[in-house]
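**Student:** Numbering (the working numbering), first residue to last: 5 to 436. Virtual Cβ for every residue (Gly too), placed ideally from N, Cα, C.
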Amino acid sequence: MGVVILLVMAAGVALMLTRKLPTAFALALLAVAIAFLAGAPFTGKNSVLDTVLQEGAPALAATMIAIILGSWLGKLLDETGIAGTLVRKIVEFGGDRPTVVALGVLAVSALVGTVTGSAPAAMLAGIIGIPAMIAVGVPKVTAAGTVLMGIAVGIPFELPLWQFFSTALELPIPTVRGFMVKLFPFALAAALAFVLVETRRRGTEHAWSLKAVDSPGSSAAKPRSRRAELGDAPWYALLAPAVPLVLALGFELAIIPSLLAGVLYALVTTTRPGGMNKRLLRTLYGGFEVAAPPLVLFISIGILLAAVKLPGAVDALEPLVKAVSPHNPVVFVLVFTLLVPLCLYRGPLNVFGLGAGIAGVLIATGIYPAVAVLGMATSYNQVFGVADPTSTQTVWSAQYAGVSPQQVMVRTLPYVWAVALGGLCVTAATYL
Numbered sequence: 005m006g007v008v009i010l011l012v013m014a015a016g017v018a019l020m021l022t023r024k025l026p027t028a029f030a031l032a033l034l035a036v037a038i039a040f041l042a043g044a045p046f047t048g049k050n051s052v053l054d055t056v057l058q059e060g061a062p063a064l065a066a067t068m069i070a071i072i073l074g075s076w077l078g079k080l081l082d083e084t085g086i087a088g089t090l091v092r093k094i095v096e097f098g099g100d101r102p103t104v105v106a107l108g109v110l111a112v113s114a115l116v117g118t119v120t121g122s123a124p125a126a127m128l129a130g131i132i133g134i135p136a137m138i139a140v141g142v143p144k145v146t147a148a149g150t151v152l153m154g155i156a157v158g159i160p161f162e163l164p165l166w167q168f169f170s171t172a173l174e175l176p177i178p179t180v181r182g183f184m185v186k187l188f189p190f191a192l193a194a195a196l197a198f199v200l201v202e203t204r205r206r207g208t209e210h211a212w213s214l215k216a217v218d219s220p221g222s223s224a225a226k227p228r229s230r231r232a233e234l235g236d237a238p239w240y241a242l243l244a245p246a247v248p249l250v251l252a253l254g255f256e257l258a259i260i261p262s263l264l265a266g267v268l269y270a271l272v273t274t275t276r277p278g279g280m281n282k283r284l285l286r287t288l289y290g291g292f293e294v295a296a297p298p299l300v301l302f303i304s305i306g307i308l309l310a311a312v313k314l315p316g317a318v319d320a321l322e323p324l325v326k327a328v329s330p331h332n333p334v335v336f337v338l339v340f341t342l343l344v345p346l347c348l349y350r351g352p353l354n355v356f357g358l359g360a361g362i363a364g365v366l367i368a369t370g371i372y373p374a375v376a377v378l379g380m381a382t383s384y385n386q387v388f389g390v391a392d393p394t395s396t397q398t399v400w401s402a403q404y405a406g407v408s409p410q411q412v413m414v415r416t417l418p419y420v421w422a423v424a425l426g427g428l429c430v431t432a433a434t435y436l
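1. Along the alpha helix (DSSP H) that carries residue 401, what are the first and last residues, could you check?
2. Decide if residue 320 is buried, meaning its Cβ has at least 16 other Cβ atoms within 10 Å, or exposed.
3. Beta-carbon separation of residue 424 and residue 386 under 7 Å?
4. Pop quiz: residue 170 and residue 177 are said to be a contact at Cβ under 8 Å. What is the actual Cβ separation, rounded to whole angstroms?
5. Using the C-alpha atoms, what's the distance from residue 357 back to residue 391?
6. Give me the Cα-Cα distance between residue 427 and residue 59, rounded to the nearest whole angstrom.
7. Suppose only complete runs of 3+ residues qualify. What are the beta strand (DSSP E) ranges in the stretch 319 to 357, listed by chain order?
8. Taking all protein chains shown into account, decide if residue 82 is buried (16 or more other Cβ within 10 angstroms of its Cβ) or exposed.
9. Report, in whole angstroms, the separation of the C-beta atoms of residue 437 and residue 263, which I expect to be a contact under 8 Å.
10. On the criterion of 16 or more Cβ atoms from any shown chain inside 10 Å, does residue 384 qualify as buried, or is it exposed?
11. Just to confirm the assignment, what range does the alpha helix (DSSP H) spanning residue 281 have?
12. Comparing alpha-carbon positions, which option in 57, 68, 9 and 84 lies nearest residue 276?
13. Assuming residue 294 and residue 28 form a contact by the criterion Cβ under 8 Å, report the distance between their Cβ atoms to the nearest whole angstrom.
14. Looking at C-beta atoms only, is the number of pairs between the stretch 108 to 123 and the stretch 321 to 337 that lie closer than 8 Å three or more?
15. Tell me, please, whether the stretch 62 to 76 touches the stretch 87 to 94 by the rule of three or more beta-carbon pairs shorter than 8 Å.
16. Spatial neighbours of residue 173 within its chain, please: CB distance less than 7 Å, with the 5 preceding and 5 following residues excluded, ordered by chain position.
17. Smallest Cα separation from residue 243: which of 341, 205 and 273?
18. Report the three-state DSSP secondary structure of residue 180 (helix, strand or coil).
19. Can residue 151 and residue 129 be called in contact, C-beta distance under 7 Å?
20. In whole angstroms, what separates the C-alpha of residue 154 from that of residue 246?
21. Assuming residue 117 contacts residue 157 under a Cβ cut-off of 8 Å, what Cβ separation, rounded to an integer in Å, is found between them?
22. For residue 400, count neighbouring C-beta atoms within 10 Å of its own C-beta (all shown protein chains included) and say buried if the count is 16 or more, exposed if not.
23. With burial defined as no fewer than 16 other Cβ atoms inside 10 Å of the residue's Cβ, what is the status of residue 449: buried or exposed?
24. Just to confirm the assignment, what range does the alpha helix (DSSP H) spanning residue 378 have?
25. Which stretch, first to last residue, makes up the alpha helix (DSSP H) that contains residue 410?
26. Around the Cβ of residue 191, are there at least 16 other Cβ atoms within 10 angstroms (buried) or fewer (exposed)?
27. Pull up the CB-CB distance for residue 75 and residue 266, whole angstroms please, since I reckon it's below 8 Å.
28. Pull up the CB-CB distance for residue 102 and residue 142, whole angstroms please, since I reckon it's below 8 Å.
29. Can you tell me whether residue 336 is buried or exposed, with buried defined as 16 or more other CB within 10 angstroms of its CB?
30. Could you check the C-alpha separation between residue 30 and residue 16 for me, to the nearest Å?
31. Taking 6 Å as the limit between beta carbons, can you name the residues of its chain near residue 234, skipping five residues before and five after?
32. To which residues of the same chain is residue 316 closer than 7 Å at the C-beta, ignoring the five residues directly before and after it?
33. Inspect the beta-carbon positions of residue 163 and residue 248 and report whether they are closer than 7 Å.
34. Is residue 394 buried or exposed, if buried means 16 or more other CB atoms sit within 10 Å of its CB?
35. Beta-carbon within less than 7 Å of residue 429's beta-carbon, same chain only, minus the 5 sequence neighbours each way: which residues are those?
36. Return the first residue and the last residue of the alpha helix (DSSP H) that residue 276 is part of.
As structure tokens, then:
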């Protein structure tokens, strides 16, 4: 039966890769199929309806709340002009020096990447940052890659991501935070190397082909006009993206209160008392719109995790997974480094897809300790978040810069592959 379950998982990957079904729907259907194959009853204990669907759907509720709050803060950074001001100040400081401008945009991207991930983070830094880089001669692919590599620097400190791994892998927040801190230097070194190498390797390319910037009817033009009306945010408001991180990392405050503090700080430092209520509601509703796709995905991931943890599924998969899972630290690093491409194109090691189910199997069967699975999943996530041509942030950044997502993947993949290697080395040395 374990072989059949693996074949069903492969079919699920095929459905996602060919886009026959959205990822969230494919994961939910896959979970139900695994539950039936594992011999789960329709209702009752360890059942399809009561355990997989009823208990699995809200299993990642804490993560979903953190996603909503992060999206809310992201909308505030956009509407109040905080993100735009940060980018403009960096561009003004860099002048006509391409490498300096790119490094500045990288820093801002990293900062907003700690608040919210995916396309919203790319837009916050890229709407102004990408045209500014291209205008001073940074090649288009490098400009898009710089924003993505910057977001990847912020990913180890993205609080909703901490909550996701804590809930999904049943690990305490301090454990997740501890590994993320170890992963950060690799992400930072790779991002700096990308900017320093790529801005010099091809020289300057002065070009301006971003129709979305100049089109008055485009969605990308609206944030620019709004920021122009608002002007620069006060200097003390620019600290808003760092507030949740300082509270969660420096003072070890819980994630949801830390994000709420960031929301309140951004609001109070930029908004007159009379306009606070309207802005709070407007940005909150806007945050729900941004958060809707990941919320649906996390519901499906919770359902899938519940399915792969059923006793029947564990018993069926344990001997197969044990037979192919390396335990020697050196072999572990070599094998899982070579498998890095499997997290691209919504592949089986994508933690926001079938990879979550595989992680659940590895933990439920006791093949690896949960903290080792954390190391694998977060290392792969650094690759997916930058180089996957199907991820929303990669698609948006590439298209906004006027290049294809595949071009960005080819240019960034060697750097994020090195990050994954570093994370896997730390995992093997520390937890195996």
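**Tutor:** Short version:
1. The sequence position of residue 401 within the sequence shown is 397, counting from 1. 396 to 405 is the span of the alpha helix (DSSP H), which, as asked, contains residue 401.
2. For the purposes of this step, residue 320 is taken as residue 316 along the sequence shown, with counting starting at 1. Buried is the call here.
3. The sequence position of residue 424 within the sequence shown is 420, counting from 1. The sequence position of residue 386 within the sequence shown is 382, counting from 1. Taking a C-beta distance under 7 Å as the contact criterion, residue 424 and residue 386 qualify as a contact pair.
4. Locating residue 170 in the sequence shown gives position 166, counting from the first residue. Locating residue 177 in the sequence shown gives position 173, counting from the first residue. 5 Å between Cβ atoms; contact.
5. The count along the sequence shown starts at 1 and reaches residue 391 at position 387. The count along the sequence shown starts at 1 and reaches residue 357 at position 353. For the pair residue 391 and residue 357, the Cα-to-Cα distance works out to about 16 Å.
6. Your numbering for residue 427 matches position 423 in the sequence shown. Your numbering for residue 59 matches position 55 in the sequence shown. About 32 Å.
7. Taken in chain order, the complete beta strand (DSSP E) segments of 3 or more residues contained in the stretch 319 to 357 number zero; there are none.
8. One-based indexing of the sequence shown puts residue 82 at position 78. Classification of residue 82: buried, given that the 10 Å Cβ count is 16 or more.
9. The first residue shown for the chain is 5 and the last is 436, placing residue 437 beyond what the model contains.
10. Here residue 384 corresponds to residue number 380 of the sequence shown, with the count starting at 1. Counting Cβ neighbours within 10 Å, residue 384 comes out buried, since at least 16 surround it.
11. As a working note, residue 281 is residue 277 in the sequence shown. Per DSSP, residue 281 is one residue of the alpha helix (DSSP H) stretching across 280 to 312.
12. Position 272 of the sequence shown, counted from the first residue, corresponds to residue 276. If we check each option's Cα against that of residue 276, 84 comes out closest.
13. Residue numbering aside, residue 294 sits at position 290 when the sequence shown is read from its first letter. Residue numbering aside, residue 28 sits at position 24 when the sequence shown is read from its first letter. Incorrect: roughly 16 Å between the Cβ atoms, too far for contact.
14. Too few Cβ pairs lie closer than 8 Å, so no.
15. Contact between the stretch 62 to 76 and the stretch 87 to 94 is absent, because fewer than three Cβ pairs lie under 8 Å.
16. On the sequence shown, residue 173 is found 169 positions in, with the first residue counted as 1. Residues of the same chain with a CB within less than 7 Å of the CB of residue 173, apart from the 5 flanking positions on each side, are 363, 367, 374, 377 and 378 in chain order.
17. Within the sequence shown, residue 243 is the residue found at index 239, counting from 1. Nearest C-alpha to residue 243: 273.
18. Translated into positions along the sequence shown, residue 180 becomes position 176. Residue 180: helix per DSSP, three-state reduction.
19. As a first step, residue 151 must be located in the sequence shown, where it is residue number 147. As a first step, residue 129 must be located in the sequence shown, where it is residue number 125. Yes.
20. Numbered from its first residue, the sequence shown carries residue 154 at position 150. Numbered from its first residue, the sequence shown carries residue 246 at position 242. Each residue's alpha carbon lies about 15 Å from the other.
21. Taking the first residue of the sequence shown as position 1, residue 117 is located at position 113. Taking the first residue of the sequence shown as position 1, residue 157 is located at position 153. Sure, about 7 Å apart at Cβ, within 8 Å.
22. Against the sequence shown, residue 400 aligns to sequence position 396. Looking at its Cβ environment, which holds 16 or more other Cβ atoms inside 10 Å, residue 400 is buried.
23. There is simply no residue 449 to check, as the chain begins at 5 and stops at 436 in what is shown.
24. What you label residue 378 is simply residue 374 of the sequence shown in a count that begins at 1. Segment 374 to 391, the alpha helix (DSSP H) holding residue 378.
25. By one-based count along the sequence shown, residue 410 stands at place 406. Looking at the DSSP string, the run of the alpha helix (DSSP H) that includes residue 410 is 409 to 435.
26. Sequence index remark: in the sequence shown, residue 191 carries index 187 (1-based). For residue 191, the number of other beta carbons within 10 angstroms of its own is at least 16, and it is reported as buried.
27. Stepping through the sequence shown from its first residue, residue 75 is reached at position 71. Stepping through the sequence shown from its first residue, residue 266 is reached at position 262. With a contact defined as Cβ atoms closer than 8 Å, residue 75 and residue 266 miss out at about 12 Å.
28. Here residue 102 corresponds to residue number 98 of the sequence shown, with the count starting at 1. Here residue 142 corresponds to residue number 138 of the sequence shown, with the count starting at 1. That pair is a contact at about 5 Å.
29. Position 332 of the sequence shown, counting from 1, holds the residue named residue 336. Buried, because 16 or more other Cβ atoms sit within 10 Å of the Cβ of residue 336.
30. Along the sequence shown, read from residue 1 onward, the residue named residue 30 stands at position 26. Along the sequence shown, read from residue 1 onward, the residue named residue 16 stands at position 12. Distance between the alpha carbons of residue 30 and residue 16 is about 6 Å.
31. As a first step, residue 234 must be located in the sequence shown, where it is residue number 230. The predicted model places residue 234 with a pLDDT of 48, which falls under 50 and marks its position as unreliable, so this point remains unresolved.
32. As a first step, residue 316 is located in the sequence shown; it is residue number 312 there, counting from the start. Closer than 7 Å at Cβ, skipping near neighbours: 42, 43 and 44.
33. Sequence index remark: in the sequence shown, residue 163 carries index 159 (1-based). Sequence index remark: in the sequence shown, residue 248 carries index 244 (1-based). Cβ atoms of residue 163 and residue 248: closer than 7 Å.
34. Against the sequence shown, residue 394 aligns to sequence position 390. Under the 10 Å beta carbon count, residue 394 is surrounded by 16 or more other beta carbons and is classified as buried.
35. Along the sequence shown, one-based indexing puts residue 429 at 425. Residues of the same chain with a CB within less than 7 Å of the CB of residue 429, apart from the 5 flanking positions on each side, are 337 in chain order.
36. To locate residue 276, count along the sequence shown from 1; it is residue 272. In this chain, residue 276 is not harboured by any alpha helix (DSSP H), its DSSP state being neither H nor E.
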